[in-house]
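Trainee:
Number of protein chains: 2
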Amino acid sequence: MKKLVNNPVNVVEEMVEGYVRAHPDYIKQLQSNDRALVNARETKENKVGILIGGGSGHEPGFLGYVGEGMADGVAVGNIFASPSPDPILEVTKAIDKGAGVVYLYGNYAGDVMNFGMAAEMADLEEDIKVGMALATDDVASAPKEEKDKRRGIAGEFFIYKAAGAAADFGYDLEEVVRIAKKANQNTRSMGVGTSPCYLPQTGEPSFEIGDNEMEIGLGHHGEPGIEKGPLETADKIADRLVNDILADIEITKGEEVAVLVNGLGSTPKMDLYIVYRRVEQILSERGIKIYRSYVGDYITSLEMGGCSVTLMKLDKELTDTIDHPVNCPMFVQK
Amino acid sequence: MKKLVNNPVNVVEEMVEGYVRAHPDYIKQLQSNDRALVNARETKENKVGILIGGGSGHEPGFLGYVGEGMADGVAVGNIFASPSPDPILEVTKAIDKGAGVVYLYGNYAGDVMNFGMAAEMADLEEDIKVGMALATDDVASAPKEEKDKRRGIAGEFFIYKAAGAAADFGYDLEEVVRIAKKANQNTRSMGVGTSPCYLPQTGEPSFEIGDNEMEIGLGHHGEPGIEKGPLETADKIADRLVNDILADIEITKGEEVAVLVNGLGSTPKMDLYIVYRRVEQILSERGIKIYRSYVGDYITSLEMGGCSVTLMKLDKELTDTIDHPVNCPMFVQK
Chain A
1 MKKLVNNPVN VVEEMVEGYV RAHPDYIKQL QSNDRALVNA RETKENKVGI LIGGGSGHEP
61 GFLGYVGEGM ADGVAVGNIF ASPSPDPILE VTKAIDKGAG VVYLYGNYAG DVMNFGMAAE
121 MADLEEDIKV GMALATDDVA SAPKEEKDKR RGIAGEFFIY KAAGAAADFG YDLEEVVRIA
181 KKANQNTRSM GVGTSPCYLP QTGEPSFEIG DNEMEIGLGH HGEPGIEKGP LETADKIADR
241 LVNDILADIE ITKGEEVAVL VNGLGSTPKM DLYIVYRRVE QILSERGIKI YRSYVGDYIT
301 SLEMGGCSVT LMKLDKELTD TIDHPVNCPM FVQK
Chain B
1 MKKLVNNPVN VVEEMVEGYV RAHPDYIKQL QSNDRALVNA RETKENKVGI LIGGGSGHEP
61 GFLGYVGEGM ADGVAVGNIF ASPSPDPILE VTKAIDKGAG VVYLYGNYAG DVMNFGMAAE
121 MADLEEDIKV GMALATDDVA SAPKEEKDKR RGIAGEFFIY KAAGAAADFG YDLEEVVRIA
181 KKANQNTRSM GVGTSPCYLP QTGEPSFEIG DNEMEIGLGH HGEPGIEKGP LETADKIADR
241 LVNDILADIE ITKGEEVAVL VNGLGSTPKM DLYIVYRRVE QILSERGIKI YRSYVGDYIT
301 SLEMGGCSVT LMKLDKELTD TIDHPVNCPM FVQK
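Residue numbers (UniProt numbering), protein chains in the order written: chain A, 1 to 334; chain B, 1 to 334.
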């Protein structure tokens with residue numbers, strides 16, 4: 001395992017420091033907590049604040065998505081570990097402009113606990129209204145009947161996009177939460193892992209996999225998937241991922257989707273576009289219309305190999321959020 | 001070596017197909033040649049056309065940089081191999097709007113030959129004026145006195161940006177070439193490789209490297225660097241790369257630069273920002289001002305490990321080109 005780091009204990013601090021210094025017009029650290037980052041431009045009065053966060057190692061998730069049209073602030077955790085309630089609360093106080101704050105995060109036990117505690121503290125100590133919407137897009141992580149037990153993976157990107165736009169449109173807290181939850185309800189992801197990432201502090205791989213194996217449904221932290229087997233072609237992998245998604249959510253002929261083919265860290269864009277090619281073919285054969293496509297590294301796991309496919313079923317309201325411009329250090333959409 | 005591909009012989013065709021289908025509002029294939037891609041929106045009358053290209057496997061370079069504010073078209077080669085003159089000529093014909101076309105590419109023998117032949121054919125057969133500017137930014141690849149023998153690496157991004165803006169500003173062919181050449185003259189890069197990429201067709205690594213080794217000055221196709229040694233910390237690597245650059249080009253206190261910390265393919269953004277952190281410290285200590293920073297995968301080598309640092313020394317004219325907005329499928333700047 002080779003990494004371009006100094007002392008592995010300091011990777012998150014040094015990344016955050018580099019990030020803030022690279023993009024001072026976009027992002028600043030709060031003086032009260034160096035894991036609490038907010039948009040360098042003050043959140044508008046009476047706009048609902050959007051707060052995201054989670055463990056580090058998923059860059060551009062999550063700090064890369066603070067900016068115009070997406071999140072107002074982010075709480076930064078250690079590698080693959082939830083941020084503690086403190087930075088969440090500090091960001092909440094900084095971005096609340098009288099309309100409350102919506103927390104968006106993936107459905108992981110640590111995050112659920114810490115964001116929950118921060119929300120309570122915001123309510124009791126600061127009198128700030130907090131809404132929440134969790135990402136539970138990973139089809140592989142629990143049965144269809146238990147969607148609320150599923151993990152959040154790359155589909156979080158669409159939830160940020162939807163909620164960020166809704167807040168910009170001037171919607172109130174309940175509306176922003178409703179739209180974020182609808183985005184999550186309409187979003188499904190399936191991933192495949194081909195090689196592990198390595199944790200900077202231990203040097204240990206996040207999971208074990210054979211030389212010619214792949215694992216379908218693998219989680220973003222190496223959580224076990226649903227099937228291990230020999231590495232298949234890109235087309236067969238895409239077939240599997242898309243078919244599993246379409247077995248889980250009804251998307252009928254003529255309906256529109258947003259597509260995200262997400263790299264897990266070390267997968268070349270060449271491979272991602274080859275996967276996209278087949279995703280587009282399958283959807284096209286079924287008469288499902290692709291409204292907009294995103295292909296690249298959106299939520300990663302350090303240098304993990306593999307990719308995920310995410311579909312968000314669109315209606316007029318979600319389409320408007322997809323069209324909304326964004327200007328973040330790691331993602332810009334005109 | 002695990003890749004998400006089908007038949008390795010078809011990786012470039014399938015990537016291009018996926019790419020064009022993912023971004024139909026941005027890019028189209030010419031009917032005359034499927035390796036010839038142009039902006040989906042017609043180039044403006046009397047605007048100088050900007051043509052880029054090179055081997056595949058460097059994505060987002062080069063096809064990712066066709067769009068508003070950057071290139072009007074791209075000729076796509078096989079993996080790490082120059083495009084042949086045919087697609088170059090076809091793109092030239094498609095994007096010439098009476099003001100001529102400027103070719104921008106890296107200084108590699110195959111590219112020099114094929115772009116040169118295409119330029120001759122454009123002149124003789126089509127009566128289209130062609131200008132050229134080569135990227136020769138890799139400090140490690142030839143001595144200071146022989147800058148014109150150097151390879152082009154990630155600094156090409158700044159040259160595209162400068163020339164793309166100059167063409168948009170309405171400058172004529174000579175002016176666009178002058179600015180592109182100035183951008184190249186003012187740009188220096190130094191890279192470090194930590195792990196090879198694997199060629200899809202052969203499965204062979206692009207270079208050999210020990211388990212705990214790094215190679216300073218390694219080229220984008222695995223060309224030998226200038227020094228192999230044990231893997232150093234991110235700070236020491238950044239020191240080496242920036243100091244080698246600053247020994248090669250005089251940038252004095254108070255002068256401004258644009259900075260690019262570029263990942264070679266499989267290097268996490270975490271590591272790139274840790275490297276950036278030290279780059280910023282060094283420049284700051286020397287009183288060199290960073291006008292704008294880019295951190296991420298801009299010109300890669302499939303899944304190669306490592307990064308490069310690029311500095312472009314700015315004057316008013318180049319600063320204006322850096323500020324110019326861009327809207328490409330793989331790079332957007334507001």
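Backbone N, C-alpha and C fix where the C-beta goes; we use that ideal spot for every residue, glycine too.
Is there at least one Cβ from chain B nearer than 8 angstroms to residue 398 of chain A's Cβ?
Mentor: Absent from the model: residue 398 of chain A. The displayed extent of chain A is 1 to 334, so no value can be given.
Trainee: Comparing C-alpha positions only, which one of A:V279, A:A166 and A:L311 sits nearest to V101 of chain A?
Mentor: Ranked by how close their Cα comes to the Cα of V101 of chain A, the residues A:V279, A:A166 and A:L311 have A:A166 in first place.
Trainee: Would you mind working out which of A:T319, A:V275 and A:L283 sits nearest C307 of chain A, comparing C-alpha positions?
Mentor: A:V275
Trainee: Along the region 282 to 312 of chain A, what residues have a CB closer than 8 angstroms to any CB found in chain B?
Mentor: S293, V295, G296, D297, T300, L302, E303, G305, G306 and C307
Trainee: Using a Cβ-Cβ cut-off of less than 8 angstroms, give me the residues of the region 94 to 111 of chain B that come near chain A, in sequence order.
Mentor: none
Trainee: Compare the Cα-Cα distances from K2 of chain A to each of B:E120, B:P83, B:E125 and B:G210 and report the closest residue.
Mentor: B:G210
Trainee: What number of angstroms, rounded off, separates the C-alpha of D111 of chain B from the C-alpha of G170 of chain B?
Mentor: 27 angstroms
Trainee: Roughly how many angstroms separate the alpha carbons of K93 of chain A and Q333 of chain B, rounded to a whole number?
Mentor: Roughly 30 angstroms separates the two Cα atoms.
Trainee: Check the Cβ of Q333 of chain B against every Cβ in chain A and list those closer than 8 angstroms, keeping chain order.
Mentor: Neighbours of Q333 of chain B on chain A, chain order: V332.
Trainee: At a CB distance below 8 angstroms, what residues from the region 54 to 76 of chain B approach chain A? Give them in sequence order.
Mentor: S56, G57, E59, P60 and G64
Trainee: Please report the residue range of the beta strand (DSSP E) in which Y26 of chain A lies.
Mentor: From DSSP, Y26 of chain A is part of no beta strand (DSSP E); its letter is neither H nor E.
Trainee: I'd like to know whether the C-beta of residue 335 of chain B is nearer than 8 angstroms to at least one C-beta of chain A.
Mentor: The structure shown does not extend to residue 335 of chain B, since chain B is modelled only from 1 to 334, so the question has no answer here.
Trainee: Three-state secondary structure (DSSP) at V20 of chain B?
Mentor: helix
Trainee: Enumerated in chain order, which unbroken segments of the alpha helix (DSSP H) with a length of 4 residues or greater are wholly contained in the region 265 to 307 of chain B?
Mentor: Within the region 265 to 307 of chain B, the complete alpha helix (DSSP H) runs of at least 4 residues are 269 to 285.
Trainee: If I'm right that A36 of chain B touches E90 of chain B with Cβ under 8 angstroms, what's the distance once you round it to whole angstroms?
Mentor: 4 angstroms
Trainee: Assuming N114 of chain B contacts I88 of chain B under a Cβ cut-off of 8 angstroms, what Cβ separation, rounded to an integer in Å, is found between them?
Mentor: 6 angstroms
Trainee: Comparing C-alpha positions only, which one of B:Y291, B:Q281, B:G287 and B:K147 sits nearest to G18 of chain A?
Mentor: Selected option, being the one with the closest Cα: B:Q281.
Trainee: Going by other Cβ atoms of all chains shown within 10 Å of its Cβ, with 16 needed for buried, is K253 of chain A buried or exposed?
Mentor: exposed
Trainee: Can you find a C-beta in chain B that's less than 8 angstroms from the C-beta of I245 of chain A?
Mentor: no
Trainee: Would you kindly report the start and end of the unbroken beta strand (DSSP E) that includes E213 of chain B?
Mentor: E213 to I216
Trainee: Give me the subset of the region 244 to 278 of chain A whose CB atoms are less than 7 angstroms from a CB atom of chain B, sorted by chain position.
Mentor: Under the 7 angstroms Cβ criterion, the region 244 to 278 of chain A contributes G265, S266, T267, P268, K269, M270, D271, Y273, I274, V275, Y276 and R277.
Trainee: Using Cβ-Cβ distances below 7 angstroms, what residues of the region 172 to 199 of chain B are close to chain A?
Mentor: T194 and S195
Trainee: What does the alpha-carbon distance come out to for the pair L134 of chain A and D34 of chain A?
Mentor: In a straight line, the C-alpha of L134 of chain A is about 24 angstroms away from that of D34 of chain A.
Trainee: Are there 16 or more other CB atoms within 10 angstroms of the CB of S284 of chain B, so buried, or fewer, so exposed?
Mentor: exposed
Trainee: Nearest to R21 of chain B by alpha carbon, out of A:M312, A:L51, A:P329 and A:R277?
Mentor: A:R277
Trainee: Helix, strand or coil, according to DSSP, for K129 of chain B in the structure here?
Mentor: If DSSP states are grouped into helix, strand and coil, K129 of chain B belongs with coil.
Trainee: Helix, strand or coil, according to DSSP, for N6 of chain B in the structure here?
Mentor: coil
Trainee: Quick one: using the 10 Å Cβ neighbour count with 16 as the cut-off for buried, is M226 of chain A buried or exposed?
Mentor: Note that residue 226 of chain A is Ile in the sequence shown, not Met. Exposed.
Trainee: Would you mind reading off the limits of the beta strand (DSSP E) that contains Y103 of chain A?
Mentor: V101 to G106
Trainee: In the region 37 to 122 of chain B, which residue ranges form an unbroken beta strand (DSSP E) of at least 3 residues, counting only runs that do not cross its ends?
Mentor: 49 to 56, 73 to 79 and 101 to 106
Trainee: Secondary structure at R35 of chain A, three-state DSSP: helix, strand or coil?
Mentor: strand
Trainee: With V242 of chain B and V309 of chain B assumed to form a contact (beta carbons below 8 angstroms), what rounded beta-carbon distance in angstroms separates them?
Mentor: 6 angstroms
Trainee: What is the rounded straight-line gap between the Cα of R240 of chain B and the Cα of P85 of chain B?
Mentor: 39 angstroms
Trainee: I'd like to know whether the C-beta of Y19 of chain B is nearer than 8 angstroms to at least one C-beta of chain A.
Mentor: yes
Trainee: Ignore the nearest five residues each way along the sequence and tell me which others in I128 of chain B's own chain have a CB closer than 8 angstroms to its CB.
Mentor: Excluding residues within five positions, the ones whose Cβ falls inside 8 angstroms are T92, K93, D96, G100, V101 and A122.
Trainee: Output the distance between the C-alpha atoms of E223 of chain A and T233 of chain B, rounded to the nearest integer angstrom.
Mentor: E223 of chain A and T233 of chain B have their alpha carbons spaced roughly 30 angstroms apart.
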